[in-house]
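Q:
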Amino acid sequence: MLADRVRALTFDVFGTLTDWRGSIVREVGAFAEVHGLELDAEAFALAWRAGYGPAMRRVEEGELPRQTVDSLHRAILDELVERFDVSGVDATALDELNSAWHRLELWPDVRPGLERLRGHFVLAPFSNGNVALLEELSARAGLTWDTVLSAETLGHFKPHPAAYQGAARRLVLDPEQVLMVAAHNRDLDGARAQGFRTAFVQRSTEYGPNQTMDLEPSPGVDVAVSSIGELADALLG
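If you want the numbering used here, it's the 1-based position in the sequence shown plus 173.
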C-alpha cells in the first residue's frame, strides 16, 4: 500500500489548499469599494495570479534578484495599478491589499481532511510562498503543521529540481517516502522527477467555471482524488 511507503505529506498551498481566486476577488472588490474605484475584481485577481509564474521564472533565470513571493506579488500589483488605471491610492493601501495573499480562505474539505491525516504522517505545506505568508495564513485558517517548507528557505521556487531535493533533505527522508499533494500537474511532474510519490487533487474551479487546465491528472500520479478527505480515505482506508 502507498500509505506503508510514505512517511510525509507535503501540500501545495495556492489553489490546492486555498481558494486564492475567490479570496482575492473578495479582497479586490472590498478595496475598490473603499477607494471608490470602478474595478473588475475578477479580471484583476486573475491578472495578479497570471503574473506569478513568469515573475518566479525571471528570478530562477537570474533576470530578477532572489526575493520572496510577497515582494513579487507587490511588484505585480504595481504593474496592475497602471494597467487597470487605478489612481488616488497610496502605497500603504497597496501594501495592505498585497497582504490579501496572507488571508486566503481554505477550500471546505481541507481542515477536516488534514485532521484525519494528522498523527499518521508528517504534514507540511510545501509552497513558493514565503515563511511569514505561510505562517500567517495557517494561523488565520487554524492549521497546525509539523514543519513548513518554503521556497524562501529552500532557495528555489517549485518546480526547480533543487526545491524538491531540498524539501526531502529538510524532512530527513528519501524522496520516495514523501507524497507531494497538489492540484497542479506541473508541480507533481517536478516532484515525481525527483523521486517523490504524487497525489493529484482536482480543483476544477480554481481559475473559475471556465477553467481548462489541471482538470485531469497527468500520467504517473500515484493517487488522484477530488478532496483532502478523499485522500485520507485512499491512504487510511
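Even for Gly, the Cβ is constructed at its ideal location relative to N, Cα and C. Keep in mind it's a predicted model, so treat the numbers as computed, not measured.
Roughly how many angstroms lie between the CA atoms of A220 and Q240, to the nearest whole one?
A: Taking the first residue of the sequence shown as position 1, residue 220 is located at position 47. Taking the first residue of the sequence shown as position 1, residue 240 is located at position 67. Spanning the two alpha carbons is a distance of roughly 20 Å.
Q: Spell out the partners DSSP gives S300 in its beta bridges.
A: Here residue 300 refers to the residue found at position 127 when the sequence shown is read from its first residue. According to DSSP, S300 bridges with S323.
Q: Can you tell me where the beta strand (DSSP E) holding T371 begins and where it ends?
A: Looking up residue 371 in the sequence shown gives position 198. From DSSP, the beta strand (DSSP E) with T371 extends over R370 to V374.
Q: Could you please give the first and the last residue of the uninterrupted beta strand (DSSP E) stretch that includes M353?
A: Taking the sequence shown and counting its residues from 1, one reaches residue 353 at position 180. Taken as a continuous stretch (DSSP letters only), the beta strand (DSSP E) holding M353 covers V351 to A355.
Q: Inspect the CB distances between the stretch 364 to 377 and the stretch 334 to 345 and report whether three or more fall short of 8 Å.
A: Result yes; three or more Cβ-Cβ pairs closer than 8 Å.
Q: Measure the alpha-carbon distance for N383 versus F330 and round it to whole angstroms.
A: In the sequence shown, residue 383 corresponds to position 210, counting from 1. In the sequence shown, residue 330 corresponds to position 157, counting from 1. The alpha-carbon atoms of N383 and F330 are separated by roughly 27 Å.
Q: Less than 8 Å between the C-beta atoms of V396 and L409, yes or no?
A: Here the question's residue 396 lines up with position 223 in the sequence shown. Here the question's residue 409 lines up with position 236 in the sequence shown. Not in contact: V396 and L409 (Cβ atoms no closer than 8 Å).
Q: What number of angstroms, rounded off, separates the C-alpha of A355 from the C-alpha of H246?
A: Taking the first residue of the sequence shown as position 1, residue 355 is located at position 182. Taking the first residue of the sequence shown as position 1, residue 246 is located at position 73. Near 21 Å, if we compare the C-alpha coordinates of H246 and A355.
Q: Which class does L182 belong to by DSSP, given the choice of helix, strand or coil?
A: Taking the first residue of the sequence shown as 1, we reach residue 182 at position 9. Reduced to three states, the DSSP call for L182 is strand.
Q: Take every Cβ of the stretch 179 to 186, pair it with every Cβ of the stretch 291 to 304, and state whether three or more of those distances are shorter than 8 Å.
A: Flag = yes, the stretch 179 to 186 and the stretch 291 to 304 touch.
Q: Alpha carbon to alpha carbon, what distance is there between L270 and Q350?
A: For the purposes of this step, residue 350 is identified with residue 177 of the sequence shown, where counting begins at 1. For the purposes of this step, residue 270 is identified with residue 97 of the sequence shown, where counting begins at 1. Going from the Cα of Q350 to the Cα of L270 covers about 39 Å.
Q: I believe R276 touches R313 by the beta-carbon criterion, under 8 Å. Please report the beta-carbon distance rounded to the nearest angstrom.
A: Sequence index remark: in the sequence shown, residue 276 carries index 103 (1-based). Sequence index remark: in the sequence shown, residue 313 carries index 140 (1-based). About 6 Å separates the two Cβ atoms, so the contact holds.
Q: In the DSSP assignment, what are the bridge partners of L279?
A: As a position in the sequence shown, residue 279 is number 106, starting the count at 1. For L279, which the question treats as bridged, DSSP gives the partners T191.
Q: Once DSSP output is grouped into helix, strand and coil, what is the label at R239?
A: For the purposes of this step, residue 239 is taken as the residue at position 66 of the sequence shown. In this structure, R239 counts as coil in the three-state DSSP scheme.
Q: Are S196 and E308 closer than 8 Å when you measure CB to CB?
A: Start at 1 with the first residue of the sequence shown, and residue 196 comes out as number 23. Start at 1 with the first residue of the sequence shown, and residue 308 comes out as number 135. Contact: no.
Q: Below 8 Å on the Cβ atoms is my guess for R343 versus T371; work out the distance and round it to an integer in Å.
A: Residue 343 sits at position 170 when you count from the first residue of the sequence shown. Residue 371 sits at position 198 when you count from the first residue of the sequence shown. About 18 Å; that fails the 8 Å criterion.
Q: Are the stretch 255 to 271 and the stretch 373 to 391 touching by the rule of at least three beta carbon pairs closer than 8 Å?
A: Touching, no.
Q: Under DSSP, the beta strand (DSSP E) around V398 begins and ends at which residues?
A: Taking the first residue of the sequence shown as position 1, residue 398 is located at position 225. Residues V396 to V398.
Q: Alpha carbon to alpha carbon, what distance is there between G393 and D360?
A: Translated into positions along the sequence shown, residue 360 becomes position 187. Translated into positions along the sequence shown, residue 393 becomes position 220. When rounded, the distance between both Cα atoms is 13 Å.
Q: Can you tell me whether G286 is buried or exposed, with buried defined as 16 or more other CB within 10 angstroms of its CB?
A: By 1-based counting over the sequence shown, the position of residue 286 is 113. Flag for G286 reads buried.
Q: Tell me where the alpha helix (DSSP H) around A273 begins and ends.
A: For the purposes of this step, residue 273 is taken as the residue at position 100 of the sequence shown. Neither: A273 is in no alpha helix (DSSP H) and is coded neither H nor E.
Q: How is V345 classed by DSSP in three states: helix, strand or coil?
A: One-based indexing of the sequence shown puts residue 345 at position 172. DSSP places V345 in coil when its eight states are reduced to three.
Q: Report back the beta-carbon spacing between G202 and R376 to the nearest angstrom; my notes put them in contact at under 8 Å.
A: As a position in the sequence shown, residue 202 is number 29, starting the count at 1. As a position in the sequence shown, residue 376 is number 203, starting the count at 1. The pair is not a contact, with the Cβ atoms about 21 Å apart (cut-off 8 Å).
Q: Tell me whether the beta-carbon of P298 lies closer than 8 Å to the beta-carbon of L267.
A: One-based indexing of the sequence shown puts residue 298 at position 125. One-based indexing of the sequence shown puts residue 267 at position 94. Contact: no.
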